[in-house]
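Participant:
Residue numbers (our numbering): 9 to 189.
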C-alpha cells in the first residue's frame, strides 16, 4: 500500500523515489500542476496571489481558444448542453455546489465542442478555475447575499452561448476572455 501511495505521489511530481537513495520531496516547481488533486490541494491551502495570477494566464489562453474553436466546430448537441447547463446555473444560483457544477459543465462543454483533444483534456484546469471563481463570488456575496451567484455573469454566459451557437469565433473568444478575467 505504501509503494502504491509513493507511486501516486511520484506521478504527481511531488516526490522522487530512487533505489539505494531513498525518497525525497520535490520542490513545487516540479509538481504536476495539471493534476486535479494537486490543484485541489493548492486550493485548500489558499494559493498565493502569484500562483493564481500564473494560473489565470494559462486558464485564459486555454479557455479563450476553446471558445473560439467551439464556435467553429460546435454541433447541435453541444449547443443543447450549453443551454441546459446555463439554465441549471441560473436555477442553482443560491446553492454554491450545484451552481459550481453547472458552471464547470458549461466550460467543459465548450472545451468538448472545440474539437481539440488537448483542450478537452484540460478539465482539471477548468475545474480549478471555476472553483476559484465561485469561491471569490461567495466571498463577495456575503456582502450582498440576496443577489445569487449567477447574477453578475448571467449575461456573459448567455452571450458566450449565443456566439458559439451562431458560429462567431471572434465574439466567443472575446466573451470568454471577459468571463475568465
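Glycine is no exception: its CB is placed at the ideal position from the N, C-alpha and C atoms.
Using beta carbons (cut-off 8 Å, strictly below), is residue 35 in contact with chain C?
Facilitator: No chain C appears in the structure shown, which is made up of a single protein chain.
Participant: Among the candidates 19, 10, 11, 66, whose CA atom is the shortest distance from the CA of residue 136?
Facilitator: The residue with the shortest Cα to Cα distance from residue 136 is 66.
Participant: If I measure Cβ to Cβ from residue 139 and keep anything under 7 Å in the same chain, skipping five residues before and after, which residues do I get?
Facilitator: 51, 108, listed in sequence order.
Participant: Going along the chain, which residues of its own chain have a beta-carbon closer than 6 Å to the beta-carbon of residue 172, five neighbours each way excluded?
Facilitator: Cβ neighbours of residue 172 beyond the five flanking positions: 78, 79, 82, 180.
Participant: Considering residue 30, what are the terminal residues of the beta strand (DSSP E) in which it resides?
Facilitator: Where residue 30 is concerned, the enclosing beta strand (DSSP E) stretches over 30-33.
Participant: Would you please state the rounded distance, in angstroms, between the beta carbons of residue 187 and residue 164? I believe it to be under 8 Å.
Facilitator: Residue 187 to residue 164, Cβ: 5 Å. Contact.
Participant: Using a Cβ-Cβ cutoff of less than 8 Å, which residues in the same chain neighbour residue 142 once the five nearest sequence positions on both sides are dropped?
Facilitator: Excluding residues within five positions, the ones whose Cβ falls inside 8 Å are 104, 107, 108, 111, 157.
Participant: Kindly give me the distance between the Cβ atoms of residue 90 and residue 117, rounded to whole angstroms, as I take these residues to be in contact under 8 Å.
Facilitator: With a Cβ gap of about 5 Å, residue 90 and residue 117 count as contacting.
Participant: Nearest to residue 73 by alpha carbon, out of 125, 113, 99?
Facilitator: Closest by alpha carbon: 125.
Participant: With a cut-off of 8 Å on the beta carbons, I'd call residue 71 and residue 184 a contact; round off their distance for me.
Facilitator: Yes, residue 71 and residue 184 are in contact; Cβ-Cβ is about 5 Å, under 8 Å.
Participant: In the DSSP assignment, the beta strand (DSSP E) including residue 116 goes from what residue to what residue?
Facilitator: Premise fails: residue 116 lies in the alpha helix (DSSP H), 104-121, not in any beta strand (DSSP E).
Participant: According to the neighbour-count rule (16 or more other Cβ atoms, all chains shown, within 10 Å of its Cβ), is residue 38 buried or exposed?
Facilitator: By the neighbour-count rule (16 or more Cβ atoms within 10 Å), residue 38 is not buried but exposed.
Participant: Look at the Cβ atom of residue 34, then the Cβ atom of residue 22, and state whether they are nearer than 8 Å.
Facilitator: Contact: yes.
Participant: If you check the beta carbons only, do residue 40 and residue 20 fall under 8 Å apart?
Facilitator: In this structure, residue 20 lies closer than 8 Å to residue 40 by Cβ.
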